[in-house]
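Taken in order, the first sequence gives residues 1205 to 1761; the numbers are from my numbering.
All C-beta atoms, glycine included, are put in the ideal place defined by N, C-alpha and C.
Beneath this line is the structure, given in structure tokens, with notes to follow.
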Amino acid sequence: MNFEEKILKIIKDNTEYKNIILKKQKTGGFGDYSIILFPLAKSSGKQIEIISDEIKKALNNIEEISDYELINGFLNISIKKDVLNDRMWKKAISILQIKKEKNRGKVIIDYSSPNIAKPFSIGHLRSTIIGNILANIYEETGFEVLRVNHIGDWGTQFGKVIVGIQKWGNLKKIELDPVKELLALYVKFHEEQAIYPELDDEAREAFRKLENKEKEYYELWQYIVRVSIENIEKTYKRLGVKFDRYMGESFYEPFMEKTMQRLVDAELVKESQGAWVVEFDEKTKMPPCLLRKKDKASLYALRDVTALLYRIEELKGNKLLYVVGNEQKLHFAQVFKVCEKLNKDFIGIMEHVGFGLYKFKDSKMSTRKGNVIFMEDVLDEACIKVREIMEERDFSKTELDDISEKVGTGAVIFNDISSDRNKDVDFSWDKVLDLNGETAPYIQYTAVRIKSILKKAEFNSDNVNRPCMDFEEYSDTLRHVEDFENMLERAREKNQPHILAGFLISLCGYFNSFYNKKRVLCEEKEERDSHVEFINVILKYIEKGLDILGIKIPEKM
RNA sequence: GCGCUCGUAGCUCAGUAGGAUAGAGCAUUGGAUUUCUAAUCCAAGGGUCCCAGGUUCGAAUCCUGGCGGGCGUACCA
């Protein structure tokens, strides 16, 4: 039984008040806990002062309590400093040491999911980053996680790409930069098609041959997919993004017919205006879900239903997350509803984790018609700008490489997840590359600073220990850090990485205040050892947090 | 039209289950370095929490109705 439960139980057993609201205080000034007395006054009809006295009397023999204070209808309770510190340190250190068991079920997270025949653009950045961080958070909070990349590797557009390669392509060029080269061929195809409409038939024919697995076509397709993935993975690596499996649309293709049959057998499918659809109750206010076009070609809803069933039935996912933009909210609501109609047990398993769009204000990166912003270019641009700033300082070439890469990518990642994912993000270079304030560089700088002090102190930072002394200056940090598990659990429940981002910013703020107030490596040995252990604990939390965010710490800054 | 979503300081955003004086960063102004990295810290100014009702002892937070922005709304994904 922890302290909160103990207080609640004693009050319950010894007074008439059964529904107590006990709040843990986050910052100092109003005690460590407070009980809100208004509701008790209301239900009992007694005066607040009297209730307060009754509660105090009941709690009289809890020796950990050092003080009571009745202000504005709140009974604030203070705990003895040493008891509080013991508890907070114990918690703070155990969080760093205990390895969580993965026994909370299997989560399958679908994120990034680029279309190979289309550019890997900035539009995929949010899904990639948010999905990866959520996967890390689920792992950290005790879930088994399967990270899947549902790549767009099938469909008529591949017929166009193949025709493009056959007519104008150069495999060497494609291998060097598949993303841009394939796009160029795709664009070229459309330009030529405007002049020679018969190209369309050629593309259709090419895709038909691909479907029939004709050797030449199938091998070319395999090649395109392979080099594209290899290229995209370079970007993933820079962002600290990982996947367990690439399962694209082509993977699910063989199962589509079976899915359709199941839906028909369950009497869910209707023919409407020539198309095959699933209709919903009037009260859902959802338009029907289209599965097949009138020409019988499948639509992406059918592909997503197929993939969903596979993830639950074959991959045994207990929870499925789809990290896809908010503009597809309706689509997923429909797909989920179709699956729920098929099997009621599926209700509540699937969740669409949406996010807002990027909005561009800078003219440089603005999306003019047909002007694609590649993900790779965004990262490069960020790294170049960081390098420009760093070049004024005294760093070696290798240090510059290290700093600009880590700070540049860190800045892009942090810009993406520093606020509520549902909101649109203003993408402005001024903001992304601001090195001050609530930014990734601020966090990285703080970590580097701590490391530098630890190095100077010749401190072996592999282990964490409780400092031998307690200082008042530690308490805000401790209180904050003690909440790490709660914070992460909240971030997981809401699928909100910005909760972790905010946690790290505050943590760094506490350290930097401390740094400016007290000298870490002071004369007095015991105090010095204490401070060193203290900042080492902070560093461990920053490292843990940045690791989840996929942000790396440079050697120097 | 209907559905979803957002609206908090000049700008960008936090605000945990409805609780005390609504908080940060940027920008502005002033201050801190013979000292562990000033990419830091301390301080000041700056608010009809879009508007109007309602529920409540108590509302930025919940409900209803407006207003404004974004997205979606049958054969693209």
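>> Given a cut-off of 9 Å on the beta-carbon distance, is the pair V1431 and G1452 in contact?
In response: Result no, Cβ atoms of V1431 and G1452 do not sit closer than 9 Å.
> What residues in its chain sit with their C-beta under 8 Å from that of Q1496, if we drop five residues either side in the sequence?
Replying inline: The sequence as given places Arg at residue 1496; Gln does not occur at that position. These residues qualify, in order along the chain: M1464, A1479, W1480, S1502, L1503, L1506.
>> Using 9 Å as the threshold, is the C-beta distance between I1252 and I1211 below it?
In response: Result no, Cβ atoms of I1252 and I1211 do not sit closer than 9 Å.
> How long is the line joining the alpha carbons of C1493 and F1540, rounded to whole angstroms?
Replying inline: Rounded to whole angstroms, the separation of the alpha carbons of F1540 and C1493 is 10 Å.
>> Would V1542 and L1467 be called neighbours here (beta carbons separated by less than 9 Å)?
In response: At the C-beta level, V1542 and L1467 come within 9 Å of one another.
>> Checking 9 Å against the spacing of the C-beta atoms, do E1686 and A1321 come in under that value?
In response: If you check the CB distance, E1686 and A1321 do not come in under 9 Å.
> Could you give the residue range of the alpha helix (DSSP H) that holds W1293?
Replying inline: Counting along the chain, the alpha helix (DSSP H) containing W1293 begins and ends at 1285–1301.
>> Assuming S1476 is part of the alpha helix (DSSP H), what are its boundary residues?
In response: For S1476, no alpha helix (DSSP H) run applies; the uninterrupted beta strand (DSSP E) run containing it begins and ends at 1473–1476, by DSSP.
>> Quick check: what's the CA-CA separation for I1516 versus I1337?
In response: Going by the C-alpha atoms only, they are around 22 Å apart.
> Which value, in whole angstroms, describes the spacing of the CA atoms of E1596 and L1386?
Replying inline: Our two residues, E1596 and L1386, have alpha carbons roughly 39 Å apart in a direct line.
> What does E1555 pair with, by DSSP beta-bridge criteria?
Replying inline: E1555 pairs with L1525.
>> Give me the DSSP bridge partner(s) of A1479.
In response: DSSP lists S1476 as partners of A1479.
> In chain order, what residues of the same chain have a beta carbon less than 8 Å from the beta carbon of E1737, not counting five sequence neighbours either side?
Replying inline: Correct list, in chain order: V1668, N1669, R1670, P1671, C1672.
> Leaving out the 5 sequence neighbours to the left and right, which residues in its chain are closer than 6 Å to L1350 when beta-carbon positions are compared?
Replying inline: Here L1350 has I1312, D1448 as same chain residues with Cβ atoms under 6 Å from its own Cβ, once five neighbours each way along the sequence are excluded.
> In this structure, does DSSP put R1308 in helix, strand or coil?
Replying inline: Here R1308 sits in coil by DSSP.
> Between which two residues does the alpha helix (DSSP H) containing N1336 stretch?
Replying inline: 1329–1344 is the extent of the alpha helix (DSSP H) around N1336.
> Looking at the structure shown, is K1601 part of a helix, part of a strand, or coil, going by DSSP?
Replying inline: Correct three-state label for K1601: helix.
> On the three-state DSSP scale, how would you describe E1461?
Replying inline: The answer is helix: DSSP assigns E1461 an H, G or I state.
> Applying the criterion that 16 or more other CB atoms from any shown protein chain within 10 Å of the CB defines a buried residue, is D1499 buried or exposed?
Replying inline: Burial call: exposed.
> Just curious, the beta strand (DSSP E) that L1763 is in, first and last residue?
Replying inline: Residue 1763 lies beyond the residue range present for the chain, which begins at 1205 and ends at 1761; the question has no answer from this structure.
> To which residues of the same chain is V1473 closer than 8 Å at the C-beta, ignoring the five residues directly before and after it?
Replying inline: Excluding the 5 residues flanking it on each side, V1473 has same chain C-beta neighbours closer than 8 Å at M1464, L1467, W1480, V1481, V1482, L1495, in chain order.
> How long is the line joining the alpha carbons of A1470 and E1461, rounded to whole angstroms?
Replying inline: Distance between the alpha carbons of A1470 and E1461 is about 14 Å.
> What are the residues that DSSP puts in a beta bridge with F1578?
Replying inline: Per DSSP, S1325.
>> Using C-beta distances below 6 Å, list every residue in its chain close to D1161, excluding the 5 sequence neighbours before and after it, in chain order.
In response: Nothing about residue 1161 can be read from this structure; the chain reaches only from 1205 to 1761.
> So I1240 is in the alpha helix (DSSP H); what residue range does that whole segment cover?
Replying inline: For I1240, no alpha helix (DSSP H) segment is defined; the enclosing uninterrupted segment is the beta strand (DSSP E) at 1237–1240.
> What's the call for L1375, buried or exposed, on a 16-neighbour Cβ count within 10 Å?
Replying inline: Taking a 10 Å sphere around the C-beta of L1375, we find fewer than 16 other C-beta atoms and assign the residue as exposed.
> In the structure shown, what three-state DSSP assignment does V1629 receive?
Replying inline: Here V1629 sits in strand by DSSP.
> Near I1225, what residues of its chain come up, given a Cβ to Cβ distance below 6 Å and the 5 sequence neighbours on each side ignored?
Replying inline: Residues I1240 of the same chain have their beta carbon placed closer than 6 Å to that of I1225, with the five preceding and five following residues left out of the count.
> Grouping DSSP H, G and I as helix and E and B as strand, with all else coil, what is Y1649?
Replying inline: Note: Y1649 maps to helix in three-state DSSP.
> Per DSSP, what kind of secondary structure is N1353 in: helix, strand or coil?
Replying inline: Three-state result, N1353: strand.
> Does the distance from the CB of I1553 to the CB of K1523 come in under 9 Å?
Replying inline: Closer than 9 Å, so yes.
>> Contact between the stretch 1718–1731 and the stretch 1628–1647 is defined here as three or more beta-carbon pairs at a separation below 8 Å; is this criterion met?
In response: Counting Cβ pairs under 8 Å, fewer than three are found: no touch.
> N1223 by DSSP, collapsed to three states: which one?
Replying inline: Residue state, collapsed to three classes: coil.
>> Taking the beta strand (DSSP E) that K1424 belongs to, which residues open and close that run?
In response: The amino acid at residue 1424 is misidentified as Lys; the sequence shows Leu. Segment 1419–1442 is the alpha helix (DSSP H) holding L1424; no beta strand (DSSP E) there.
>> Using a Cβ-Cβ cutoff of less than 7 Å, which residues in the same chain neighbour R1591 once the five nearest sequence positions on both sides are dropped?
In response: Sequence-distant Cβ neighbours of R1591 in its own chain, meaning closer than 7 Å and more than five residues away, are L1604, S1608.
> So which of V1365, E1379, D1381 has the shortest CA-CA distance to E1409?
Replying inline: Of the listed residues, the one whose Cα sits closest to E1409 is V1365.
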